[in-house]
Every structure is written in C-alpha cells, then in structure tokens.
Amino acid sequence: LDRFHLAQDVVDRVPQLGPRAAYFRQAVRDRLIEHKQYIETHGEDRPEITGWRWDPSFKAESPRATSTSTEGDNV
C-alpha cells in the first residue's frame, strides 16, 4: 500500500466530494503511471520519493474530541 492508493481510498469514503473525486482519482492514476515509467527507465524511485524526509519541525495538532462519552448512543 502506498500513499497514492491510500489517498484514493480516503476519497472513496468521502461522499461529499462528488464529481471532484473522479478528477482526483484520475490525477492519482496519472501520477502512478508516471512513477512506473520513471522506474522502468531509471531503475529506481523518483527523486521526490527517495529524497523525502519527515520535517523534524512539524508538530501535528491532535484533534480534540468535544465529548468522549458514548452514553447517549444506547437509546
């Protein structure tokens, strides 16, 4: 599983995207084809993949739940 397939899976699960999802899925497919062609030509991943690193200064904000109680779920 790579980031492209993961992104496609997420888009498939967001019905609010509607027709925009098709454009995104096509862009991802195109990117995968380009990547495969690059590998066939050069024998390795594209530089943006091999050179990618986590940004050590990135601090993700964790989403805060407004309520963690589930007592109202059992009605």
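Under our numbering, the first residue of the sequence shown carries the number 32, and numbering increases by one thereafter.
The C-beta atom is built at its ideal place from N, Cα and C for all residues, glycine as well.
Quick check: what's the CA-CA separation for residue i versus residue j?
i	j	result
Asp61	Phe55	10 Å
Arg77	Pro46	32 Å
His73	Ala58	22 Å
Leu37	Leu63	12 Å
Val41	Asp86	23 Å
Arg44	Asp33	17 Å
Glu75	Lys67	10 Å
Ser88	Gln39	28 Å
Glu71	Glu65	10 Å
Quick one: does residue i have its CB under 9 Å from some CB of chain D?
i	result
Phe55	Absent from the structure: chain D. Only one protein chain is present.
Quiz item: At what residue ranges does the stretch 41–88 contain a whole run of the alpha helix (DSSP H), taking only runs of 4 or more?
Solution: 51–73 and 78–81
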